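Numbering (the working numbering), first residue to last: 21 to 79. Virtual Cβ for every residue (Gly too), placed ideally from N, Cα, C. All of these numbers come straight from a predicted model, not from anything done at the bench.
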Amino acid sequence: MKYNKELVNTYGQGKLENLLSPKQILEDSFSLFLIGAVREILIVIFSHFDILNAEPHQS
Numbered sequence: 021m022k023y024n025k026e027l028v029n030t031y032g033q034g035k036l037e038n039l040l041s042p043k044q045i046l047e048d049s050f051s052l053f054l055i056g057a058v059r060e061i062l063i064v065i066f067s068h069f070d071i072l073n074a075e076p077h078q079s
């Protein structure tokens, strides 16, 4: 397979600039925060209803 070297360089440069732009960093950290928050909420809900633990509780 032949690659267009100029295209690859432009793409790589664009990706690098995107990665280093404050807007991109802000968006990435915000999406990571959202993922983490949703995950925590799901864990709380699952443990509250005890769905993860398949064994029935004996009360």
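What would DSSP say about Ser49, mapped onto helix, strand or coil?
For the purposes of this step, residue 49 is taken as the residue at position 29 of the sequence shown. For Ser49, the secondary structure class from DSSP, reduced to helix, strand or coil, is helix.
What separation, rounded to the nearest whole angstrom, lies between the Cα atoms of Lys43 and Val58?
Along the sequence shown, one-based indexing puts residue 43 at 23. Along the sequence shown, one-based indexing puts residue 58 at 38. Straight through space, the alpha carbons of Val58 and Lys43 are spaced by roughly 22 Å.
Measure the alpha-carbon distance for Ser49 versus Ser41 and round it to whole angstroms.
In the sequence shown, the residue the question calls residue 49 occupies position 29. In the sequence shown, the residue the question calls residue 41 occupies position 21. The alpha-carbon atoms of Ser49 and Ser41 are separated by roughly 12 Å.
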